[in-house]
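Report on the structure given below.
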Amino acid sequence: MRPETQQTDADIVRAVLAGDHERYAVLVERYRDRYARYAARMLGSLDAAEDAVQDAFVRAFDQLAQCKEPDKFVGWFFLILRNRCYAERRRSKAQAPLEAADSLPAVDRTDGGAETAERRRALQHALLELTPDQREVFVLKHVEGLSYGQIAERLNTSVPSLKMRMHRAYDRLREQLREHK
Amino acid sequence: MSDHDFHPRVKQLLDGDLTLADLPPELRAEGEEALRLLAAVDRRPVAFPTMTERVMLAVNTRPSPAGWRRMLEPREIRLRIRPWVLAPALALAAALIIWIAGPRTAAPAPSLVTVRFVLVAPEAKAVSLAGTFNQWDARATPLVRTGPNGTWTATLTLPAGQHQYAFVVDGVRWVPDPGAPAVDDGFGRRNSVLTL
Amino acid sequence: MIASLVALPLTLLSLQQGIAQRLAGRVSPNVAAAVEGTGTAASARGLPVDPLIQKAIEGGAKGIADDRVIAAVNLVVSHLDTAAAALREGGASADTLTIAAGAFAVSAGLSGSDITALARVGATPAALTVGLRVAGTLAALGVPPAENIGLVSVSLRSGKPTADLLLLPASVESEVAKGSTPAAAAAGLSRAAAAQGRHGPPPGHGQPPHPPTPSHP
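Chains as they are written, first to last, in this note's numbering: chain A, 527 to 707; chain B, 133 to 328; chain C, 739 to 955.
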């Protein structure tokens, strides 16, 4: 969909640092949706996810001079968003995350109706009971479709430790889902 | 290991390393339960199509990320006044734009520019400004009558870039700025253009 | 992967919802539905959606009839398409900001080949974006295309800060106020800029076409 002549992320980062602030909009447009789903599943709410992604972009702008490898902007941005999502969950832990699946788009009439919606809601609810790092590995693997190897690279950790985290997540999800039946 | 825990082989199934057929018969039911869990994963995409403008609004009010020039540093003030539009021949009104621009150095153009809109409209009871910067809301940006000659003014700080606008006189008449370049609005009228 | 096959139409639905959100209460449901459809298709072609939304909101605010608002939105889309194709033809980076600037220039009376000519100068994306906006503004002031593109090209090549490009319309206006025609004013400014350029163009200006974007993680 993108023309071949498009600027690289590094081009844009350098242009913004040189004073072309307006050009930052191109990076925002390029990546605003890439991690939208990650944020929505991590936080259990579209509104909170939108705030988190927006906030992460503004923080990334403020700290852009610290982006040491401009061609890896998106990986660097992801880490800012990730920190923001962790912080958000700490802050809103006390609030009931019930809006989770209810706040998702109502456009989805094609895939199974009320029963599917109820199962999704229950799982999203259970996900929010996990620790953030358990939830994150589950979201990256089963929502975003990344392999353990890709997740390990992105989070700078090892595959065995990710598996251990994930396997605990499976057990806790099972427990949660049984309790909520 | 509590009775909630999935069997290690079922975890392999969840990880995608095994299929249901690989499980021994006594683990099939548990395997099916595990797959039902995965089937409930919500992979529907999420998009925030209106985010760009909100992020840009936020970053435009911040210092440069490079840190070498703060937005609110004192600026050289240049005035661009179009005296010829004040000619009485203009039936309705006349406008002039004064802008405060950044210093003329090798530094890039400022990200925010203060623009003063002035309309001379002695007969008007109310004048406002509508354009791409305020969602064309004719009530959002009223001009204030500042002089005895029917001079109406409003000062706005706008992001660098391009803006289209018109004056709205008495809430009903859309009037382009007689002193600014204008383009067709696509509806048979003209919009004034401000390039900052 | 199954998830990504399912993903496409749903992403488009999310985009539609975003457009609907911005238009809610500002335009009729008819116009909103039309813009959702047009905007989704435009976005899939890499075009910016904001100019369409702005035009619809403008039509709503001005009390224009639905069919004319929809026609104006479609005209904006065709300007965006013209600009995007012309920029690609000129080998320039075609991000949404630059395309929107090109579409403005088209709406002000410039053609696709004028846009291509400016793209071929090889200016930075930031300078090209400003150059396109300035060219559109000059067209709105009555400068004919040949003098317009001549002046903006020579200014882009001179490597002066973009803030200087932004002063071109005011310079033309001030010559016009002294009795010059817009064409003569622009031609005079071009000659002055070219002469200045011959006496010492700043080094290192202009850049080669950008390499294709690498795939991202």
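Virtual Cβ for every residue (Gly too), placed ideally from N, Cα, C.
Just so we're clear, the structure is a prediction, and the values are computed from it rather than from any experiment.
Check                                                                                                                                                                                             : Outcome
Name the one or two DSSP bridge partners that Y297 of chain B has.                                                                                                                                : B:G263 and B:S324
Out of curiosity, what's the CA-to-CA distance linking T283 of chain B and A771 of chain C?                                                                                                       : 42 angstroms
Under 7 angstroms, CB to CB, which of the residues in the stretch 165 to 194 of chain B have a partner in chain A?                                                                                : L169, L170, A172, V173, D174, R175, R176, P177, V178, A179, F180, M183, T184, R186, V187, M188, A190, V191, N192 and R194
Is DSSP giving P907 of chain C helix, strand or coil here?                                                                                                                                        : helix
For V247 of chain B, which three-state DSSP category applies?                                                                                                                                     : strand
Only counting the same chain, and skipping five residues up and downstream in sequence, which positions put a Cβ closer than 8 angstroms to that of L785 of chain C?                              : V815, L818, D819, A822, T834 and I837
Strictly below 7 angstroms CB to CB, what residues from chain B border F583 of chain A?                                                                                                           : V187
Would you kindly work out how many angstroms separate the C-alpha atoms of R760 of chain C and T182 of chain B, rounded to a whole number?                                                        : 8 angstroms
List the residues of chain B whose Cβ lies closer than 8 angstroms to the Cβ of R608 of chain A, in chain order.                                                                                  : What R608 of chain A touches in chain B: nothing, since even the nearest Cβ is about 16 angstroms away.
Just to confirm the assignment, what range does the beta strand (DSSP E) spanning R646 of chain A have?                                                                                           : Element bounds for R646 of chain A: not the beta strand (DSSP E) but the alpha helix (DSSP H), G639 to L653.
Check M188 of chain B in the structure and name its three-state DSSP category.                                                                                                                    : helix
Let me check one thing: in DSSP terms, what residues is W284 of chain B bridge-paired to?                                                                                                         : B:L251 and B:R277
So, at 7 angstroms on beta carbons, what are the nonlocal neighbours of V554 of chain A in its own chain, with the 5 sequence-adjacent residues on each side left out?                            : F583
Can the beta-carbon of G869 of chain C be found closer than 7 angstroms to that of L848 of chain C?                                                                                               : no
Between F265 of chain B and chain A, is there a C-beta pair that is closer than 7 angstroms?                                                                                                      : no
Buried or exposed: where does R494 of chain A fall if 16 or more other Cβ atoms within 10 Å of its Cβ makes it buried?                                                                            : This structure cannot speak to residue 494 of chain A, because chain A is shown only from 527 to 707.
Can you tell me which of the three DSSP states V178 of chain B falls into?                                                                                                                        : coil
Verify the CB distance criterion: does M203 of chain B have a CB-CB separation below 7 angstroms to chain A?                                                                                      : A caution first: M203 of chain B carries a pLDDT of 35, below 50, which makes its placement in the model unreliable, though a value can still be read off. So, not an interface residue.
For the beta strand (DSSP E) containing R305 of chain B, name the first residue and the last one.                                                                                                 : R305 to V307
Which residues, in chain order, does the stretch 536 to 550 of chain A contribute to contact with chain C at a C-beta distance below 7 angstroms?                                                 : D537, A541, D546, E548 and R549
In chain order, what residues of the same chain have a beta carbon less than 6 angstroms from the beta carbon of L666 of chain A, not counting five sequence neighbours either side?              : L672 and I677
Any Cβ of chain C within less than 7 angstroms of the Cβ of G303 of chain B?                                                                                                                      : no
Can you tell me whether DSSP reads A161 of chain B as helix, strand or coil?                                                                                                                      : helix
Determine the direct distance from the alpha carbon of L150 of chain B to that of E158 of chain B, and round the result to whole angstroms.                                                       : 15 angstroms
Starting from the beta carbon of E555 of chain A, find every residue of chain C whose beta carbon is closer than 7 angstroms, and list them in chain order.                                       : T834
For P140 of chain B, which of helix, strand or coil comes out of DSSP?                                                                                                                            : helix
Taking one C-beta from the stretch 296 to 304 of chain B and one from the stretch 248 to 268 of chain B each time, how about it: are there three or more such pairs within less than 8 angstroms? : yes
DSSP three-state call for P313 of chain B: helix, strand or coil?                                                                                                                                 : coil
So, helix, strand or coil for P156 of chain B, using DSSP?                                                                                                                                        : coil
Would you mind stating whether A566 of chain A and A575 of chain A have Cβ atoms separated by less than 7 angstroms?                                                                              : yes
For a minimum of 4 consecutive residues, which ranges assigned as the alpha helix (DSSP H) are wholly contained in the stretch 543 to 631 of chain A?                                             : 550 to 557, 562 to 569, 572 to 588, 599 to 618 and 625 to 628
My guess is that L155 of chain B and L169 of chain B are in contact by the Cβ rule of under 8 angstroms, so how many angstroms apart are they, rounded?                                           : Actually they do not touch by this definition, with Cβ atoms about 15 angstroms apart.
Between the stretch 867 to 884 of chain C and chain B, which residues of the former have CB atoms less than 7 angstroms from a CB of the latter, in chain order?                                  : R871, V872, T875, A878 and L879
I want to see whether chain B comes within less than 7 angstroms of Q934 of chain C, judged by CB atoms only; does it?                                                                            : no
Considering just the uninterrupted stretch of the alpha helix (DSSP H) at N886 of chain C, what are its terminal residues?                                                                        : P883 to S896
Can you tell me where the alpha helix (DSSP H) with I791 of chain C in it begins and where it stops?                                                                                              : D788 to A799
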